[in-house]
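K.L.:
Below is the structure I would like to discuss, written out as structure tokens.
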């Protein structure tokens, strides 16, 4: 499985996790490039209470590069915040609260897929 396919599998797992809990996925793989800012928001979802979560999904098939959480650096969080501002500027609607979550999905070859979800990392 290539990196893109591995990433899609992880995002599918996260979307299923959220929708099973009553969340609505509003956007996936939203990309922005302009004004010196460039990047992607993996999953954008709304909770039943109106909270908006920007979910950074990190999928790993092995442990050579650490967990998905290890890849979410302060620089990455700053980028996610800036991208979130751009996404909100393009959308209409009010959200009670906005937060950034991180999901670490582990897809070992031949093993079970596991998900660890951390809400409100930023």
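In UniProt numbering, the protein residues as written are 1 to 122. Heads up, the beta-carbon is just placed ideally off N, CA and C, and yes, glycines get one too. Here the structure is a predicted model, which means the values were calculated and not measured.
#1: Nearest by alpha-carbon distance to residue 123: which of 101, 118 and 95 is it?
#2: Report the rounded CA-to-CA distance for residue 109 versus residue 13, giving the unit in angstroms.
#3: Thinking C-beta only, is residue 54 closer than 7 Å to residue 19?
#4: Out of curiosity, what's the CA-to-CA distance linking residue 114 and residue 107?
#5: Can we say the segment 26-44 touches the segment 54-64, given the rule of at least three CB pairs closer than 8 Å?
#6: Just list the residues that DSSP pairs residue 106 with in beta bridges.
#7: Buried or exposed: which applies to residue 33, given that a residue is buried once 16 or more other Cβ atoms fall within 10 Å of its Cβ?
#8: Which stretch, first to last residue, makes up the alpha helix (DSSP H) that contains residue 90?
#9: Terminal residues of the continuous beta strand (DSSP E) containing residue 47?
P.N.:
To lay it out plainly:
#1: Any question about residue 123 goes unanswered here, given that the chain covers just 1 to 122.
#2: 16 Å
#3: no
#4: Each residue's Cα considered, the two are about 7 Å apart.
#5: yes
#6: 60 and 114
#7: exposed
#8: Looking at the DSSP string, the run of the alpha helix (DSSP H) that includes residue 90 is 74-90.
#9: Premise fails: residue 47 is in no beta strand (DSSP E) and is neither H nor E.
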